[in-house]
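Novice: First to last, the sequence lines map onto chains S and P. With positions in the first sequence counted from 1, the corresponding number in this note's numbering is that position plus 92. With positions in the second sequence counted from 1, the corresponding number in this note's numbering is that position plus 92. This is the structure I have questions about; it appears just below.
Number of protein chains: 2
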Amino acid sequence: MKKHNFSAGPSILPPEVLLKASQAVVDLDNSGLSLIEISHRSKAFVDIMENARSLVLELLGLEGKGYKALFLQGGASTQFLMVALNLLEKRAGYLNSGAWAAKAIKEAKIYDDVYEVGSSKDANYNYIPKGYEIPDDYDYFHCTSNNTIYGTQMKSFPKTNIPLVCDMSSDIFSRTLDFTQFGLIYAGAQKNMGPSGTTLVVVREDILGKVSRKIPSMMDYKIHIDKGSMFNTPPVFPIYTTMLTLEWLKGLGGIQAIEKENEKKARLMYSEVDLNPLFKGFASKEDRSNMNATFTLENENLKDTFETMLKEAGISGVNGHRSVGGYRASMYNAMPIDSVKALVEVMSELESKA
Amino acid sequence: MKKHNFSAGPSILPPEVLLKASQAVVDLDNSGLSLIEISHRSKAFVDIMENARSLVLELLGLEGKGYKALFLQGGASTQFLMVALNLLEKRAGYLNSGAWAAKAIKEAKIYDDVYEVGSSKDANYNYIPKGYEIPDDYDYFHCTSNNTIYGTQMKSFPKTNIPLVCDMSSDIFSRTLDFTQFGLIYAGAQKNMGPSGTTLVVVREDILGKVSRKIPSMMDYKIHIDKGSMFNTPPVFPIYTTMLTLEWLKGLGGIQAIEKENEKKARLMYSEVDLNPLFKGFASKEDRSNMNATFTLENENLKDTFETMLKEAGISGVNGHRSVGGYRASMYNAMPIDSVKALVEVMSELESKA
């Protein structure tokens, strides 16, 4: 039986994407060869790469606006480093909204001055810092749009004249935004895009080339752009599967269509958290994420009963991160509302039992 | 029809590996979830990672000898950088035996002094440099065991007291060697191990921790070792498929068994190249690679006929690299001898036609 997969990442993908990716591992489009044993320089794979790159710009509304899409390796963790190497000349501002934001700050500090313009660390990151100022002479401002661990999400982004760099690993392609406000967006594939193993980078080319250091080739966005995201052998399977997911999203009607579904799922989930007296939401209401809902059981004695009921209902991956505890329901793009209904039913059944 | 796949990489994998990997993309071991949508922290994936890591050490005969195996991202190109960041304090020696070796030198030079102790660039890298000396006060010596583009392979490695670092991307697990002679081995998966998207690093722990620079976390071998190769989300599918290939190799009898097969394939291939007057080998005979045979057609007028015949025989991926021209037959571990026979038959048929 297929489970209801609430995993925070790697996470749920559309069944048709899984099926097509599975088929390509045996034989890609009746070519007589597997996707994973052909040259990345073959026409078949170059077409896949180019299709994936242009779908990204199309879905984000960034075509013809000076942006390039790259599929790199090393996860968001490598972007912490690449952002600093490519953009940090003197100083930069970072928003400390969670453990991943803090890691981004730590890695950038190796290269030069980094200032935390705002932080919610004092409250175990249960809200998004607000009311901060970003000096105009900083090289860039870095923020994390969605904080998976805590279930918080930035609902708006600061207006600034310096490049806005955003780690969108856990909510990219989930909601409409004016993406032209960003100079650089990056995201690990394993939430809304595909399997782990590739990282999307979308960068406005004019923000590059302004630092004086010598950048190692693999860390240099300009080199990857010049080589069409093929400076070295790319991760073929993760990119192909990402392309399939982007095609699926386009077929649904793009980000506008999926945003409506995501809002429905989140409303359903948070209504239950708020109305069911057994549960308590972790994140501040105004900053609640539409991707990851975090909540705790008010009465710890019900833990075993609840978890047995979850298991019996085929619900998987809802345990919270160790730094928050409780539960986390990740409701990425590919999750059908029926899975959220199944979880909400169990929560409501627990209430009637208790 | 399944083709004879001579691709230089990404390249041929055993059919049973492709089948099992394909199945896991839909449902991993009847778990009700796909391999690519489960958490990398789940028991299922942690077991896969640990199995893959220990198979590496077992197959290389390095168990209990102070080595650790890691599955990282970013290809050999990222290792060019990581090797220097982790090991280069003052100066290092590099053997320039091909385009990839030259790239390794270029990236390391960003960090400190790098000396080419030997080079075969003068002859378009058609041989392996020999007779060089390695000063004892260098931090390490770096070489490339197999040069895919030129079809050359180091048959022995220099004796030295400093750590020997080897890029084995294109011949790892293909031949028996005393692997304890190496301080660090790295290899992109996409030749003898699996799909593109993960890079194997095998490192003797005692060579680490000797440089004074601050190493970014994602570039630090010690951090990856401490985190059990799970510092960040690993590339799940490439690692799983690599594990399957290593299990397949172990089932065949390990490196000793595959080495015999590889020698048979190479003998068959090179006999034809040497005996057929229409063809000429590119690499020096004593340095010929058992993985990649490079050769040219003596009479360019036969090119179209030859290539049509190749296509009709279902032979794929034998075009040479642009810097060498001609043809390249890559005969990695997973290639059955029947594919080499098919290629040799076409070459021999061309001779009888000409």
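Just so you know, even glycine gets a beta-carbon here, dropped at the ideal spot from N, CA and C. Just so it is clear, the structure is predicted and the values come from calculations on it, not from any experiment.
#1: Is it true that the CB of Phe329/S sits closer than 8 Å to the CB of Leu125/S?
#2: Please determine, among Leu341/S, Phe172/S, Leu151/S, Ser212/S, the residue with the shortest C-alpha to C-alpha distance to Ile202/S.
#3: Can you list, in chain order, the residues of its chain whose CB lies under 7 Å from that of Glu208/P, leaving out five sequence neighbours each side?
#4: Counting pairs of beta carbons, one from the stretch 269–279 of chain S and one from the stretch 127–147 of chain S, are three or more of them closer than 8 Å?
#5: Pick from Val117/S, Asn122/S, Phe265/S, Ala215/S: whose alpha carbon is nearest that of Val148/S?
#6: For the beta strand (DSSP E) that Leu162/S lies in, which residues bound it at each end?
#7: In chain S, which residues lie less than 9 Å from Glu339/P when you measure between Cβ atoms?
#8: Using a Cβ cut-off of 8 Å (strictly closer), state whether Ser169/P contacts chain S.
#9: At a CB distance below 8 Å, what residues from the stretch 322–346 of chain P approach chain S? Give them in sequence order.
#10: For Ala385/P versus Ala434/P, is the C-beta spacing smaller than 8 Å?
#11: Around the C-beta of Leu454/P, are 16 or more other C-beta atoms found within 10 angstroms, so that it is buried, or is it exposed?
#12: Three-state secondary structure (DSSP) at Val209/P?
#13: Tell me which residues share the same chain as Phe98/S and place their Cβ nearer than 6 Å to its Cβ, disregarding the 5 neighbours each side in the sequence.
#14: Determine whether the beta carbon atoms of Thr325/P and Ser288/S lie at a separation below 8 Å.
#15: Going by C-alpha distance, which of Gly190/S, Ile331/S, Gln245/S is nearest Leu164/S?
#16: With a threshold of 8 Å between beta-carbons, can Lys95/P be considered close to chain S, or not?
#17: Using a C-beta cutoff of 8 Å, does Glu129/S count as contacting chain P?
#18: Can you tell me whether Leu300/P is buried or exposed? The criterion is at least 16 other CB atoms within 10 Å of its CB, across all chains shown.
#19: Going by DSSP in three states, Asp259/P sits in which element: helix, strand or coil?
#20: Can you tell me whether Pro369/S is buried or exposed? The criterion is at least 16 other CB atoms within 10 Å of its CB, across all chains shown.
#21: Look at Tyr230/P and Arg183/P and say whether their C-beta atoms are less than 8 Å apart.
#22: Which whole runs of the alpha helix (DSSP H) in the stretch 215–259 of chain S are 4 residues long or more, in chain order?
#23: Leaving out the 5 sequence neighbours to the left and right, which residues in its chain are closer than 8 Å to Ala194/S when beta-carbon positions are compared?
#24: Assuming Gly418/P contacts Phe387/P (C-beta within less than 8 Å), just tell me the rounded distance between them.
#25: Would you mind working out which of Asp228/S, Lys403/S, Ala100/S, Pro428/S sits nearest Asn238/S, comparing C-alpha positions?
#26: Relative to the alpha-carbon of Ile447/P, which residue among Val117/P, Asp379/P, Ala358/P, Ile220/P has its alpha-carbon at the smallest distance?
#27: If you run the structure through DSSP and keep just helix, strand and coil, what is His316/P?
#28: Let me know the secondary structure DSSP gives Tyr42/P once reduced to three states.
#29: I need the DSSP call for Ala100/P, collapsed to helix, strand or coil.
#30: Distance, Cα to Cα, Leu120/P vs Pro255/P?
#31: Between which two residues does the beta strand (DSSP E) containing Val293/S stretch?
#32: Work out the CA separation of Gly243/P and Asp366/P for me, nearest whole Å.
#33: What do you get for Glu404/P, buried or exposed, if any count of 16 or more other CB atoms within 10 angstroms of its CB means buried?
#34: Which chain S residues are close to Leu110/P, counting only those with a beta carbon under 7 Å from its beta carbon?
#35: I need the straight-line Cα distance from His234/S to Asn425/P, nearest angstrom please.
#36: Please tell me whether Thr397/P and Ala144/P are closer than 8 Å, where the distance is taken between their beta carbons.
Specialist: Reading off the structure:
#1: no
#2: Phe172/S
#3: Tyr186, Asn188, Ile197
#4: no
#5: Phe265/S
#6: 159–164
#7: One finds nothing in chain S with a Cβ atom closer than 9 Å to the Cβ of Glu339/P; even the nearest lies about 17 Å away.
#8: yes
#9: Cβ proximity to chain S below 8 Å picks out Phe323, Asn324, Thr325, Pro326, Pro327, Val328, Phe329, Pro330, Thr333 from the stretch 322–346 of chain P.
#10: no
#11: This structure leaves residue 454/P out entirely; chain P is present only between 93 and 446.
#12: Strand at Val209/P.
#13: Gly409, Val410, Ala421, Ser422
#14: For the pair Thr325/P and Ser288/S, the CB atoms are nearer than the 8 Å cut-off.
#15: Looking at Gly190/S, Ile331/S, Gln245/S, the one whose alpha-carbon comes closest to that of Leu164/S is Ile331/S.
#16: With 8 Å as the cut-off, Lys95/P counts as an interface residue toward chain S.
#17: yes
#18: buried
#19: In the structure shown, Asp259/P adopts extended strand secondary structure according to DSSP, grouped into three states.
#20: With fewer than 16 Cβ atoms within 10 Å of its Cβ, Pro369/S is classed as exposed.
#21: yes
#22: none
#23: Asn188, Lys213
#24: 6 Å
#25: Ala100/S
#26: In the structure as shown, chain P starts at 93 and stops at 446, and residue 447/P therefore has no counterpart that could be examined.
#27: helix
#28: The first residue shown for chain P is 93 and the last is 446, placing residue 42/P beyond what the model contains.
#29: coil
#30: 40 Å
#31: 291–296 is the span of the beta strand (DSSP E), which, as asked, contains Val293/S.
#32: 15 Å
#33: exposed
#34: Val117, Val118, Ser126
#35: 46 Å
#36: Not closer than 8 Å, so no.
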